[in-house]
Structure formats: C-alpha cells, structure tokens
Amino acid sequence: MENDPSTPRLFAYPRTVHVRRHGPNGYLNYADFKPWLRDEFQFRCVYCLCRERWFPDGNEAFSIDHLQPKSVASTLVCNYDNLVYACCHDPDLTIMPGE
Ligand SMILES: [Zn+2]
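Below, the structure is given as structure tokens:
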C-alpha cells in the first residue's frame, strides 16, 4: 500500500535513509538523548511527521522510541542509533533482532 500511487499522502516522506548528524554517547539514561533527537529529527515525529509545535504541549507530547525494543535489545537501550523522536509508535517499523 505504501507504494500505491493512488494512496493519498499527508506528507512527502524522504526517499533516502536518514543519515545521523549527531552521535552522542555516554548517557546512562536514554531520556537524556531527547534534546539531541529533537534536533536530529527536526522537531518532527519520525513515524507520522507531525511537528511538535502543532501540539499544545509541544515537545512534552513527544517521547523517545526504541527501534529495537528495550525488552529484546537491552544493550541498545542507550544506543543513539537505536533511538528516534516520536509522538506515536508504529509497530511495523519496530526492528526485531535478526531481521
Ligand atoms: Zn507521530
């Protein structure tokens, strides 16, 4: 369905894979990466592309999502490359180890 040209799209999704501009590490709590992730993803949700300024509570509506879930990839909980900035969650984009 994603490639169906008859499917209306709300936003123009980028066609290329996102290349990270930042690479902070050393934080023991993944929540500390939030300011980096806000800038990395330009204040937008990686899944639905909504901007944080569209929410009354701004960045409070956003959280950090793990591409590889914490429950199955405990070593990546604080790995910046495994973190994204999001207001929602798309289970289809969750990466399970081995995929
Ligand atoms: Zn969203």
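Taking the working numbering, the leading residue of the sequence shown gets 2, the next gets one more, and so forth.
Cβ coordinates follow ideal geometry from the N, Cα and C atoms, glycine included.
Cβ contact annotation for Leu50 (same chain, cutoff 8 Å, sequence separation greater than five): Leu11, Phe12, Tyr14, in chain order. Take Ala74, set aside five residues on each side of it, and the residues of its chain with a beta-carbon closer than 8 Å to its own are His67, Asn83, Pro98, in chain order. The C-beta distance from Val85 to Leu29 rounds to 19 Å, too long to fall under 8 Å, and the pair is not in contact. For Asp66, the enclosing beta strand (DSSP E) starts and ends at 64 to 67.
When the beta-carbon positions are compared, Cys89 and Tyr31 stay at least 8 Å from each other.
When secondary structure is reduced to three states using DSSP, Arg39 falls in the helix class. Secondary structure at Tyr86: strand, using DSSP grouped into helix, strand and coil.
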